[in-house]
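Asks:
Residue numbers (the numbering used here), protein chains in the order written: chain A, -19 to 133; chain B, 40 to 766.
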């Protein structure tokens, strides 16, 4: 299990990381870069808790080995807002709609919603459900999340 | 507990013993909140400073022994203090469950957080307000009348700046014992309670702040994983430690104690791989495999087990032997279902200089400390357990067990912080499930369609295996070289929660039969009430058909309580104005949770097409007494309906003699966004009655409403869950 040096770009910053090439990106983000957005949920790409944007596409980071990242730009929940301490409009909408209970799935929900809205800025409810299908929420906050996405200006 | 004016209170107790004068308070206000009985928490911890502390910088620190589970208790508690002390929410910080800092409030469970903890804070804050006004009057040498109090300052009418609480207290703390009656703010003066105050923690979560226990990091921290046996009761026979260490040179330690096996490394991926390696390479003896039970025969199997019987209700006459009387009968079945937290259970620990520190999302930090004390044979005073929010748990899941894992590993590997998060498969296979239940209903209808006799038998395993203070209830305990076991059955009441109908029925018999089933079980949101109400409210629907009555009408015929009637009538208004497309059916159900807490009526509209059930919409009307935070109440009720609908339509834990075969979200599917109905919640607020707690109110009626809707949509009465499977 030899380690290799990787140069990855996360939230518009370049990072040099030493890791076993098979290490899922999630552990690099959480443990090496100490990011809090992506969370471990299943390790099998079934629940979406670990979702990040890779070149703008939502990808479960638990099942993506760091060696496969290459030069892609990784964006986590922390890096959605363009600058400083403001929030991305989707983050804002989720907070305003109080679209969570425990909030553990919020990372995957917001990341998926951001990707969805980039792709179709005025989605129908059906499109929202489809775009959010990979995210599991156990508290039953789905209805609020759908409302939050509909509120994003 | 009936609302009681202070006048009545004085009449009944005949004396008034409190630490401050009531001078200056409006003589007898419209109505005092029912104050003759203090909330549970305050009865156990009567001192003001157990609940709140005024900080020198003008802020207020509030303590609750309950933990944040996503129910919004932090916000509700802060609202109480903000209201009664007239402070901005921004000036209030809330300390949650911590054995060194907060009152011991047992478990955060049973919809009791607002009723016990938040209300304790409210009374303590209301008491503190009067005390502070009194001290300020003394300090300023003015009458208490006419003093204003706002945002941590008190002043006279012609002094807009006032003096700070800190100045008033002058280094003293409010240590008085709170005794009733306590003057709460009059309803007309309330500005925070009853308002949809936004939870700030949701903002922090959306902003990727480190809210969760999963985000705690310490310098030099090591990650751990535990290698679970293939199934319950297996014994570790052989494990080649040398080969393991050779394969994973980054492992810092391998901990083995009997059949308890853990691996530690600074690199999390290393312990994950080592765990996988050991799952394949460690050898186990299967001592007590799960019996071979054909899934379809599970009800028959459970009925064949020896059972302990308990008569829950025996009221009126029993015409059992009268063969002329026709009983209407139906049996229902609810399988094992799981909590299914999205974030697997997690804990951190540190053992240093004979002291143990544990960070946990357990629902009970104090009982966990007791149990850990027994497990490790360390005095409880040497253990500090701090609650940190985790993924929503919905009852007793793996939270306590993972904390026990960490405690054992921490002692074996002292001096370093240890972090352990279970794998998805561990969480699915090892959490204690909600028990399977068999429910048999029988009733007799009069000629006029009234229920004259009700006979109900339920078969269930226990719904409570929380550790309490008992080490033997913790998962790793029985796998140790010197095992600690506790096979006690626990509190049986959870099994027959809501087993007695809230309806007016003259003759009622309710019997519970408790078996010990093949799977590990404990408390899951609403306990037995979920299945009991599913069965009862589906049966009410069947009886309505027998009596040729409308389902609303039939229930209303048997309900006297005006609050119960009102939730039903309001629900009827809501659903009567909604659209009812062809091929759809509407089902309804009612309950009063525990027969003493929140009233909740639920309706569901489903379509059954091409052999599939499509749940389109759910409505609920809820009366939880005084509403502290209407948006929080709505959130809980919406979520409760959606979660219950997922349980009801889709969920079932499966197993074979080799172990639990529900190992992930594919083998145990739950609702996804495409399955979720539109939801609409209507609140009946009763600001002059006590809050009733509401976190579990929707689970039971939601289940029955969905099943009844399926019947009304397609004519098929499904009596076995999950509905999708048995359509």
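Glycine included, C-beta positions come from ideal geometry on N, C-alpha and C.
Tell me the residue span of the alpha helix (DSSP H) that contains residue 476(B).
Replies: Not the alpha helix (DSSP H): residue 476(B) falls in the beta strand (DSSP E), residues 476 to 484.
Asks: Relative to the C-alpha of residue 33(A), which residue among 71(A), 5(A), 95(A) is closest?
Replies: The option with the nearest alpha carbon to residue 33(A) is 95(A).
Asks: According to DSSP, which residues form a beta bridge with residue 331(B)?
Replies: Its beta-bridge partners do not exist; DSSP assigns none.
Asks: Between the segment 97 to 110 of chain A and chain B, which residues of the former have a C-beta closer than 8 Å to a C-beta of the latter?
Replies: So the list reads 108, 109, 110, given in the order they occur along the chain.
Asks: So for residue 603(B), helix, strand or coil by DSSP?
Replies: If DSSP states are grouped into helix, strand and coil, residue 603(B) belongs with the helices.
Asks: In this structure, how does DSSP classify residue 16(A) when only helix, strand and coil are distinguished?
Replies: DSSP places residue 16(A) in coil when its eight states are reduced to three.
Asks: Please identify, using Cβ separations under 9 Å, the residues of the segment 110 to 121 of chain A that lie next to chain B, in order along the chain.
Replies: If the cut-off is 9 Å between Cβ atoms, the segment 110 to 121 of chain A has 110, 111, 112, 113, 114, 115, 116, 117, 118, 119, 120, 121 near chain B.
Asks: Closer than 8 Å, Cβ to Cβ, to anything on chain A: give me those residues from the segment 225 to 257 of chain B, in chain order.
Replies: Listed by position, the residues of the segment 225 to 257 of chain B near chain A (Cβ gap below 8 Å) are 237, 238, 240, 241, 242, 244, 245, 246, 247, 248, 249, 250, 251, 253, 254, 256.
Asks: Anything in chain A within Cβ reach of residue 703(B), meaning under 8 Å, just list it in chain order.
Replies: Within chain A, the residues near residue 703(B) are 22, 24, 26.
Asks: Less than 6 Å between C-beta atoms, sequence neighbours within five positions excluded: which residues of the same chain meet that for residue 205(B)?
Replies: Cβ within range, chain order: 95.
Asks: Just how far apart, CA to CA, sit residue 639(B) and residue 46(A)?
Replies: In a straight line, the C-alpha of residue 639(B) is about 50 Å away from that of residue 46(A).
Asks: Within the segment 586 to 631 of chain B, note down every full alpha helix (DSSP H) run reaching 4 residues or more, in order along the chain.
Replies: Whole alpha helix (DSSP H) segments, 4+ residues: 590 to 596, 601 to 615.
Asks: In three-state terms, what does DSSP make of residue 304(B)?
Replies: Residue state, collapsed to three classes: strand.
Asks: Taking only three categories from DSSP, how would you classify residue 74(B)?
Replies: Bear in mind that a pLDDT of 46 at residue 74(B), under 50, signals an unreliable position, so the model cannot answer this.
Asks: Name the chain A residues that come within less than 8 Å of residue 462(B), Cβ to Cβ?
Replies: Per Cβ cutoff of 8 Å: 23.
Asks: Just to confirm before moving on: does the CB-CB distance between residue 166(B) and residue 116(B) stay below 7 Å?
Replies: Their beta carbons are not under 7 Å apart, which means residue 166(B) does not touch residue 116(B) by this criterion.
Asks: Is it buried or exposed, residue 353(B), if we count other Cβ atoms within 10 angstroms and call 16 or more buried?
Replies: Answer is exposed; the Cβ neighbour count stays below 16.
Asks: Does DSSP put residue 461(B) in a helix, a strand or coil?
Replies: Correct three-state label for residue 461(B): coil.
Asks: Report the rounded CA-to-CA distance for residue 497(B) versus residue 273(B), giving the unit in angstroms.
Replies: Whole-angstrom Cα-Cα distance: 31 Å.
Asks: Taking only three categories from DSSP, how would you classify residue 321(B)?
Replies: DSSP places residue 321(B) in coil when its eight states are reduced to three.
Asks: Over what stretch of residues does the beta strand (DSSP E) that includes residue 753(B) continue unbroken?
Replies: Unbroken run through residue 753(B) is the alpha helix (DSSP H), 738 to 753; no beta strand (DSSP E).
Asks: Do you know offhand how far residue 658(B)'s Cα is from residue 646(B)'s?
Replies: Taking the straight line joining both Cα atoms gives about 16 Å.
Asks: For the segment 624 to 709 of chain B, which segments carrying the alpha helix (DSSP H) assignment without a break, of at least 4 residues, lie completely within its bounds, in sequence order?
Replies: List check, alpha helix (DSSP H) in window: 669 to 689.
Asks: Consult DSSP for residue 546(B) and reduce its assignment to one of helix, strand or coil.
Replies: In the structure shown, residue 546(B) sits in a strand (DSSP, three-state: E or B).
Asks: Would you identify the three-state DSSP class for residue 195(B), choosing helix, strand or coil?
Replies: Of the three classes helix, strand and coil, the one that applies to residue 195(B) here is coil, per DSSP.
Asks: To the nearest angstrom, how far is the alpha carbon of residue -16(A) from that of residue 291(B)?
Replies: The alpha-carbon atoms of residue -16(A) and residue 291(B) are separated by roughly 21 Å.
Asks: Hey, would you say residue 252(B) sits closer than 7 Å to residue 434(B), going by beta carbons?
Replies: Against a cut-off of 7 Å, the Cβ pair of residue 434(B) and residue 252(B) comes out as no contact.
Asks: Are at least three pairs of beta-carbons, each pair with one atom in the segment 529 to 539 of chain B and one in the segment 335 to 351 of chain B, less than 8 Å apart?
Replies: A contact exists between the segment 529 to 539 of chain B and the segment 335 to 351 of chain B.
Asks: Strictly below 8 Å CB to CB, what residues from chain B border residue 124(A)?
Replies: Chain B residues near residue 124(A): 674, 677.
Asks: Tell me, which residues are paired with residue 277(B) by DSSP?
Replies: Partner(s): 322(B).
Asks: Taking the alpha-carbon positions, what's the residue 315(B) to residue 216(B) distance?
Replies: Approximately 55 Å between the Cα atoms of the pair.
Asks: So, at 6 Å on beta carbons, what are the nonlocal neighbours of residue 174(B) in its own chain, with the 5 sequence-adjacent residues on each side left out?
Replies: Same-chain partners within the cutoff: 207.
Asks: Considering only their Cβ atoms, is the gap separating residue 698(B) from residue 270(B) smaller than 7 Å?
Replies: Yes, the Cβ-Cβ distance between residue 270(B) and residue 698(B) is below 7 Å.
Asks: Rounded to the nearest angstrom, what separates residue 580(B) and residue 517(B) at their Cα positions?
Replies: About 45 Å.
Asks: Of all Cβ atoms in chain B, is any one closer than 7 Å to the Cβ of residue 58(A)?
Replies: So yes, residue 58(A) belongs to the interface.
Asks: Taking the alpha-carbon of residue 142(B) as reference, which of 112(B), 148(B), 123(B), 103(B) has the nearest alpha-carbon?
Replies: Out of 112(B), 148(B), 123(B), 103(B), 103(B) has the C-alpha closest to the C-alpha of residue 142(B).
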